[in-house]
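Read the structure below first, then the notes.
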Amino acid sequence: MNGALAGAGSTDGAAAPRDRGVAEEESEDAAANARERAALFEMIDRAERAAALPLVIDSRHPWLLIEAAARTRRAPILSSLPATREALARWLPELAGFDVPIVGLAMDEGGVPADAEGRYACAERFVRGGLLLGMPLAHLIVDCIALPGGAAPAA
């Protein structure tokens, strides 16, 4: 039996400790996502009952933005979609279908670029992607992620 597959010398067919760790992490992630989803939906319901104003719905999970947009009674502003190639190819087309403003983040696969040129390139990629999908320019909002000097002195 291959020791790497069997775990720490186990020959009883039990999952390796590393495998249990991955499963536990996935379970914790799923639980955290479920809590975030429930909290977001509760907040949307409360806010829409309290005021007839548009909401800005912010999540790091594009799938959650899609679920939230489908749930709202009024057109929201959806935030925050990074300018990664995956986000623009996979999620922007679906978000664009809601015909609402979308906030794109000036960050890519490498995170937030340290210089203005890098952030501009991210912003440009987001805006061009939205325009190619037929989104009105007024629905494409860019968060340039201006960090406070103390938080990132070189930014």
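Using this note's numbering, the first residue of the sequence shown is number 1, and each one after it goes up by one.
Using N, Cα and C, we set each Cβ at its ideal position, and we do this for glycine too.
Option in the options with minimal Cα separation from residue i
i	options	result
residue 32	49, 44, 48 and 60	60
residue 80	49, 95 and 124	95
residue 109	131, 93 and 86	86
residue 101	117, 120, 130 and 125	130
residue 44	29, 140, 30 and 55	55
residue 159	74, 36 and 127	As displayed, the chain neither begins before 1 nor continues past 155, which places residue 159 out of reach and without an answer.
Beta-carbon proximity of residue i to residue j, cut-off 8 Å
i	j	result
residue 143	residue 112	no
residue 106	residue 69	no
residue 145	residue 125	no
residue 48	residue 74	yes
residue 127	residue 147	no
Assigned secondary structure, residue i (DSSP; H/G/I helix, E/B strand, else coil)
i	result
residue 40	helix
residue 147	coil
residue 27	helix
Whole-angstrom C-beta distance between residue j and residue i, which should lie under 8 Å
i	j	result
residue 78	residue 65	5 Å
residue 133	residue 93	6 Å
Can you list the beta strand (DSSP E) stretches of 3 or more residues lying completely in the segment 81–123, in chain order? DSSP runs (the beta strand (DSSP E)) wholly in the segment 81–123: 102–105.
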